[in-house]
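In what follows, a structure is listed as structure tokens, so that the remarks can point back to it.
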Amino acid sequence: MYKFVFLINPISGGGQGKLIHEFLPEIMKSMEFADSEWKAEFTKSEGMREQICEALSNTETLIAVGGDGTVSAVLSAMLTGDYASRVKIGLIPLGTGNDLARVLNLYKPFVDRGLLFLVRRLLRARATPFDIWKVNGKFAMANYFSAGIDARIAHDFNQDRANGVISSSSVVANKLHYVRRFFADRNYMLKKATLGYRDVDGNCESADITGHRTVIVGNIPSFASGANPFYKSNMADGCLEVVDVPNMFNFMMAIAIGNIPLLGFIYKKYFLKSRKVRSLKLVVAADEFLQLDGEDLSGKVQGDITIEFASQVQMLALGD
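At position 58 of the sequence shown (counting the first as 1) the number is 52 in the numbering used here, and the numbers step up by one without a gap.
Set out below in structure tokens:
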């Protein structure tokens, strides 16, 4: 049994994963960990779920090195077996959005102070409870789910990346291409869609959201690379926050001022439609654009989409 296993996505962050794999032995040695107490390996494109389950079975703490998608793959595997009750999860953020790393206070220390500082702090960090949700009983949701314009942008971005349209793998190049995709997709609206949910008091409600710009379902107070359209999102309260965005003005304001003290609070409380829910059901067109934790989910689920509480895990987090 290892104290730590590092699962490293070699292509995240423009290939930074390979550099981290190279420097880890020196860092772990400086912290006086024996070689027998830890190991590091690259994630495999095929058989990744089996690789994650094997790592979870043989460690006290699994450190995912990559973007939100890498962490989501780990959390999805944790829905099976008894991993959630005994394995802690950590994160070294290398992705484009890094929303989960932001709320766990891991992103800024990594960017400002570097790998050595983060690893030293992370391996000594305390674990905090973290909710995991199930989408249609199959996919794990850690951060957020959405349908609409932002999901369309994520879909087109991933297609461009797969087709070689994005010439660089750097985080900056990815973000610039996201901006270009936004302007190209700015007129997109939800097709026929109905939102049903059970609120915190157990009441069941529904709303027609056809023609709205997006509906965002959040587990954490961060969305789309650090924006925060959520009023009172909490990652360990057994609730989701659902934000229904009817027009482009609301969408832009939610992204632009959501994190601004007082101004963002007032806007989200009085002008942006937000609901606290225990579970939800979203009925959308078969060809609607969907995203889950920043990854394109279009075509993988169709029709009725249900999101329900799955489990609670322990995530390593740093203090403010």
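All C-beta atoms in this analysis are idealised placements derived from N, C-alpha and C, irrespective of residue type, glycine included.
As summarised for the segment 64 to 148, the continuous beta strand (DSSP E) elements at least 3 residues long and confined to that stretch are 82 to 87, 120 to 129, 133 to 135 and 138 to 142, given in chain order. The beta carbon of residue 180 is closer than 8 Å to those of 143 and 242 in its chain, skipping five residues each way along the sequence. By the CB criterion at 9 Å, residue 37 and residue -3 fall outside the cutoff.
Across the set 159, 185, 186 and 187, the C-alpha of 159 shows the shortest separation from the C-alpha of residue 174.
Just so you know, the alpha carbons of residue 281 and residue 47 end up roughly 32 Å apart. The DSSP assignment places complete alpha helix (DSSP H) segments of no fewer than 4 residues inside the segment 206 to 280 at 242 to 251 and 257 to 264, in order along the chain. With a threshold of 16 other beta carbon atoms within 10 Å, residue 100 meets it and is buried.
Counting only the Cα atoms, residue 134 lies some 5 Å from residue 70.
Excluding its 5 nearest sequence neighbours in each direction, residue 224 has C-beta neighbours in its own chain below 6 Å: 212, 215 and 235, listed in chain order.
Straight through space, the alpha carbons of residue 191 and residue 275 are spaced by roughly 6 Å.
Counting C-beta pairs closer than 8 Å gives fewer than three between the segment 115 to 122 and the segment 260 to 275, which falls short of the contact rule.
The closest CA to that of residue 22, considering only 114, 154 and 150, is found on 114.
Per DSSP, residue 40 lies in no alpha helix (DSSP H) and is assigned neither H nor E.
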